[in-house]
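Chemist: From first to last, the protein sequence lines are chains R and A. So the first sequence is numbered by the working numbering: it starts at 116 and just counts up by one. So the second sequence is numbered by the working numbering: it starts at 116 and just counts up by one. Take a look at this one; I'll ask things after.
Number of protein chains: 2
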Amino acid sequence: MAVGVIATLKIQEGKNAEFEKTFLDLAEKVRANEGGCNFYELHVSKTDPQEYKVLEQYATAEDLAKHGQTDYFKAANGALASVVAAAPQVEVLDSVG
Amino acid sequence: MAVGVIATLKIQEGKNAEFEKTFLDLAEKVRANEGGCNFYELHVSKTDPQEYKVLEQYATAEDLAKHGQTDYFKAANGALASVVAAAPQVEVLDSVG
Chain R
116 MAVGVIATLK
126 IQEGKNAEFE
136 KTFLDLAEKV
146 RANEGGCNFY
156 ELHVSKTDPQ
166 EYKVLEQYAT
176 AEDLAKHGQT
186 DYFKAANGAL
196 ASVVAAAPQV
206 EVLDSVG
Chain A
116 MAVGVIATLK
126 IQEGKNAEFE
136 KTFLDLAEKV
146 RANEGGCNFY
156 ELHVSKTDPQ
166 EYKVLEQYAT
176 AEDLAKHGQT
186 DYFKAANGAL
196 ASVVAAAPQV
206 EVLDSVG
């Protein structure tokens, strides 16, 4: 059963460009390396320019776990620590159908 | 520029099966008829079985508008009125990258 993820990230004022560059590099690597990732797309709120939401889906919970253990994900997390304004909120959901 | 959507639906106790059937029929029609729909997947919360979230993405805002005007979407909305416990919460987001 697939799992969905909504990751909400609050970014410090003035750090948007740096964040977007780091995240889009990560997204490219995810799509290139993770056959078990069905969807992985960055979005920004229409009401708060410092709030981003990543909509994700993985074929299985194992694929999500593998995602979190990749070198490039860990490296991106390290780089993002200097631009986030709060700890990311990650909601994991079970797909239906 | 693509647009993302997170639609949150609260379903009345005992109406889950009816809701899921109606919604999955809708999702099938969306995927079959809307080339501008990049992603359209139903998920359920891991903490509240009455809370569902649809993760969606459309190639353009026009594609999202067209989605809302289809006969089958309007028909499904009508059918869902009897199973929802509250008005759906729909957050529209701008994609990045």
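Note that beta-carbon positions come from the ideal geometry of N, C-alpha and C, so glycine has one too.
Counting only beta-carbon separations shorter than 9 Å, does R:Q165 have a partner in chain A?
Modeler: Judged by the 9 Å Cβ criterion, R:Q165 is not in contact with chain A.
Chemist: For the alpha helix (DSSP H) that contains A:D163, what are its first and last residues?
Modeler: Taken as a continuous stretch (DSSP letters only), A:D163 belongs to no alpha helix (DSSP H), as it is neither H nor E.
Chemist: Have a look at the DSSP bridge pairing and note the partners of R:E171.
Modeler: R:E171 is bridged to R:V120, R:Y155.
Chemist: How many angstroms separate the CA atom of R:A191 from the CA atom of A:E177?
Modeler: Computed Cα separation, rounded: 33 Å.
Chemist: Output yes or no for whether 9 Å exceeds the beta carbon distance between R:H158 and A:L208.
Modeler: Result yes, Cβ atoms of R:H158 and A:L208 sit closer than 9 Å.
Chemist: Please report whether the beta-carbon of A:S210 lies at a distance below 9 Å from any beta-carbon of chain R.
Modeler: Yes, its Cβ sits closer than 9 Å to a Cβ of chain R.
Chemist: Per DSSP, which one or two residues make a beta bridge with A:D209?
Modeler: The partner list for A:D209 (beta bridge, DSSP) reads R:V159, A:V118.
Chemist: What residues of chain R sit near A:S160, judged by a beta carbon separation below 9 Å?
Modeler: In chain order: E206, L208, D209.
Chemist: Quick one: give me the first and last residue of the alpha helix (DSSP H) that A:G183 is part of.
Modeler: 176-184 is the extent of the alpha helix (DSSP H) around A:G183.
Chemist: Against chain A, does R:E133 count as a neighbour if the rule is that its beta carbon must be under 9 Å from one of theirs?
Modeler: Not closer than 9 Å to any Cβ of chain A, the Cβ of R:E133 fails to qualify, so no.
Chemist: Cβ closer than 8 Å: which chain R residues qualify as neighbours of A:L157?
Modeler: Under the 8 Å cutoff, chain R gives S210, V211, G212.
Chemist: Is A:K125 helix, strand or coil by DSSP?
Modeler: It is a strand residue.
Chemist: Cα-Cα, which of A:T185, A:N148, A:K168 is closest to R:V118?
Modeler: Among A:T185, A:N148, A:K168, the Cα nearest to that of R:V118 is on A:K168.
Chemist: To which residues does DSSP link A:V199 through a beta bridge?
Modeler: The partner list for A:V199 (beta bridge, DSSP) reads A:I126.
Chemist: Output the distance between the C-alpha atoms of A:V199 and R:E206, rounded to the nearest integer angstrom.
Modeler: The alpha-carbon atoms of A:V199 and R:E206 are separated by roughly 22 Å.
Chemist: Decide yes or no for the touch test of the region 120-134 of chain R against the region 160-175 of chain R: beta carbon pairs closer than 8 Å, at least 3 of them.
Modeler: Judged by Cβ distances under 8 Å, the region 120-134 of chain R makes contact with the region 160-175 of chain R, as three or more pairs qualify.
Chemist: Roughly how many angstroms lie between the CA atoms of A:K181 and A:G193, to the nearest whole one?
Modeler: Roughly 17 Å separates the two Cα atoms.
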